[in-house]
Structure formats: C-alpha cells, structure tokens
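This report concerns only the one structure given below.
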Amino acid sequence: MSAIFKTLYTLPRRKPRRRLTTTVNVYDSPNSELYMTDENTSAMQKLYDCHRVQSAVAVDLDKFRGHLYVLDSGYDNCQPKIIVYDLKTYKCIQSVELGGLNGSRLATLVVDARPFKGETRVYVGDAHGGRIAVLDPDRNIWYIIALLHIQNYGSAVIQDYRRPEIYQDVPAECIAVSKLLSSVYLTSKRSHDLYTASFKDLRNLTSYVTPNVKNGDVLPVGLRVRWEGVKLGVSSGLYADIQGGLNYVYTRDFVAVRLSLIAGDAPVAAENHKVLLQSYDLLPAVTKIFTDNANYLQVWALNAVPNSRNRHLVKINTLTL
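Counting from 1, position 38 in the sequence shown corresponds to residue 38 in the UniProt record's numbering; the numbering is continuous, with no gaps.
Quick look at the structure:
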C-alpha cells in the first residue's frame, strides 16, 4: 500500500468568491496527481466572520503540541490575526489579533517550539522590513523586535538600546531558521540581499520579556543582523534544512538551489549555490519549501497558484546522512 502524503497550503483571498484560503492537499504517492479535500478546514474559515480565517497567508506547525498556526491577513473589517488549531479536532483553541499591522503585507510565519522550556514563540515576517513581530501564545501577547544592521557582530553581545530605530532596509518578509547553525535568515521576495542574525540572541530576547509589555510594543532591545551578501536574484520559498543548507527558488529561471553558508566567511557568491532542479513545468510558482516529518531528509517544493493544474508537490533534494 502506498503512503499518504498531506500538505496544508494557503491561498490569500483576492476576491470574496474564493471559498477556502487554507486547504489540505492529499497525495497517494509523491509523484501522483494532487486532489483536494476540505478535511475540516472549511469550518475554519467563513467570510466576514472575524473569529474565523479570512485570508490565510502562511501556516506552520508546533509538532510537539500538535497545534496548527495560521497567519490570517484579515479581510474587510476583520483585523489580521494568528489563529491556533488543535490538529486532532481542527478546533480553534486560540486567536490573537495583530492590530496595527498592515495585513496586506504579512507574509511569513515560523513556529519556534521549545519543549525543554515548555514554551513556544511564533515569528511573523512582513514586507515592511526592519522588524519582526513575535507572538507569545502562552501569555497571549505579541510584540515587535527591531532589526539592527551592523557590519560585524563578533561575539554578538546584545547591547541595551532604548527604543531602537527600525531599519527598513533590512528585509524581513521571508524568515528561515537553522537550529544546526543557530542562525536566522532574512530576505524579501523582491530583494537580492540576504541577512543573518543569531538564533540564540533571538531566543534570549523573546524568553525574558517583562510583564508590562503590551500588544504591539517595540522591545527596548533590538536584534542585531548582519548582511551576508546577495542571492542569485529575487526568490521564493526560503527554507533552512537540518544540515544547515539554505534552500530557495530563483524565480526568474525557475531553479531550486541550495546555498551553503559558513559563519564569518566571505559574502555569499554564486559558487556557494548548488542547483537542485530547474524546470518551468515543475517549479512554476513555488510558495513554500519544506521537509517531510519522518526523517527531515526529503526536501519538497509546493506550487500553489490559483490555477489548480499547477498545484503540486515536487521533491527537489534528498539529504544524505
């Protein structure tokens, strides 16, 4: 019997007639044609019901707690928000409005589950740049961390900045985390620049937030980031695999690449990239790159464009131990 593969993908609501913006895709084999199922997700979304999903732009999982996080850009009079669902029941267990953020610019959601500390943080990237929003689901609050561009951060000692200026030249539309290299990667779909920050610093900043912080506050301590160089060009699907490679699709040439980074090394160059797959037919509109949940060695690209014929998965790499 062949295995069953499932993916959750999002299609932002451009017009009211789009019924679903979060959908489960089911495959009976990796190379089979995709078929779609509502699989309880239709109950998660109802237009103009602000307690439900209006226009999902990103999803991610807390695999330890079995929770699905949905980034909702909002619609009409409904505010942008993050909704948390129990994956066993698909019931909403938490919802936090992101009032003050421009929903049309929200782009990325990354769940950072910390089972040994019994806490979770959720990072949100948007096209505004110069900042990331952070949700603390345990305290039911969200706040903003400013991104501080520096030339060299050496040992990355965090200084006590007071209400740091938000640098809009640091893109933060796309966020990827490498736990192996303890690095956070930041870029934009429209920018060639790639920045990094210390994942340890980000975790420290978000673990010790004072109780008087309110929704939408900018933390008094910023996250220092460093310019790593330029990508091949504008990209989509930024993802860090378990072996420290940074995967993305160079959209102009429909090519999936893997970038090898060495901390403190020379700026990123073309020779640091390995071509994984190039195909207009297989990579027409990649929205997400991810790995399987079994051994995290198979790297997949999800194409999720409105034309259903182009909604499909393709394996772009298999990592070796």
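For each residue, glycine too, the CB sits at the ideal point set by N, CA and C. Just so we're clear, the structure is a prediction, and the values are computed from it rather than from any experiment.
When the Cα atoms are used, what is the spatial distance from residue i to residue j?
i           : j    : result
K214        : N102 : 18 Å
S279        : L313 : 13 Å
Q79         : L147 : 25 Å
V70         : K91  : 12 Å
P284        : Q45  : 27 Å
P115        : F64  : 7 Å
L186        : C50  : 31 Å
R226        : A197 : 6 Å
T89         : Y75  : 25 Å
I262        : L202 : 19 Å
K117        : D281 : 44 Å
L319        : L47  : 41 Å
I82         : V257 : 31 Å
V209        : S182 : 21 Å
L276        : I316 : 6 Å
E119        : Y239 : 23 Å
Q298        : G66  : 21 Å
L106        : L302 : 19 Å
residue 339 : K200 : Lying outside 1 to 321, the shown extent of the chain, residue 339 is not represented and no answer is given.
L87         : W300 : 22 Å
G212        : K274 : The sequence shown places Asn at residue 212, not Gly. The straight-line gap from Cα to Cα measures roughly 47 Å.
V221        : W142 : 15 Å
V84         : S104 : 20 Å
V255        : L246 : 14 Å
A133        : V184 : 14 Å
R311        : R131 : 32 Å
Nearest by alpha-carbon distance to residue i: which of the options is it?
i    : options                : result
D253 : V184, L223, V286, N272 : V286
L232 : R65, P115, S191        : S191
Q94  : D112, V53, Y185, G130  : V53
G244 : L219, I83, N272        : N272
S73  : G99, K117, L87         : G99
L219 : E228, V230, N204       : N204
G129 : D86, L180, L194, Y85   : L194
N295 : P211, W142, L321       : L321
N77  : L87, S55, Y85, D86     : S55
K189 : K274, V84, I132, Y250  : Y250
With 16 as the cutoff for other CB atoms within 10 Å, does residue i come out buried or exposed?
i    : result
A269 : exposed
N293 : exposed
N140 : exposed
A266 : exposed
D138 : exposed
S207 : exposed
L180 : exposed
A304 : buried
Can residue i and residue j be called in contact, C-beta distance under 8 Å?
i    : j    : result
I289 : G237 : yes
L135 : V96  : yes
A177 : H149 : With the sequence shown as reference, residue 177 is identified as Val, and Ala is not the correct amino acid for it. No; because the gap between Cβ atoms is not below 8 Å, this pair is not in contact.
D112 : E173 : no
S235 : Y248 : yes
V59  : L68  : yes
T291 : D217 : no
L223 : I144 : no
V124 : T108 : yes
Looking at the secondary structure, which residues open and close the beta strand (DSSP E) in which residue i lies?
i    : result
L147 : 141–150
H312 : 312–318
I289 : 286–291
R190 : Segment: none, R190 is in no beta strand (DSSP E) and carries neither H nor E.
E119 : 119–126
L135 : 131–136
E97  : 91–97
K179 : It is not in any beta strand (DSSP E) - K179 carries neither H nor E in the DSSP assignment.
D112 : 106–114
H273 : 273–278
S236 : 235–240
D72  : 67–72
V255 : 255–259
A304 : Looking at the DSSP string, A304 is not in any beta strand (DSSP E), and its letter there is neither H nor E.
D60  : 56–62
D86  : 81–86
Name the two residues that bound the continuous alpha helix (DSSP H) containing residue i.
i    : result
N204 : 199–207
With a cut-off of 8 Å, does the C-beta of residue i fall near any C-beta of chain B?
i    : result
R139 : No chain B is present in this structure, which holds just one protein chain.
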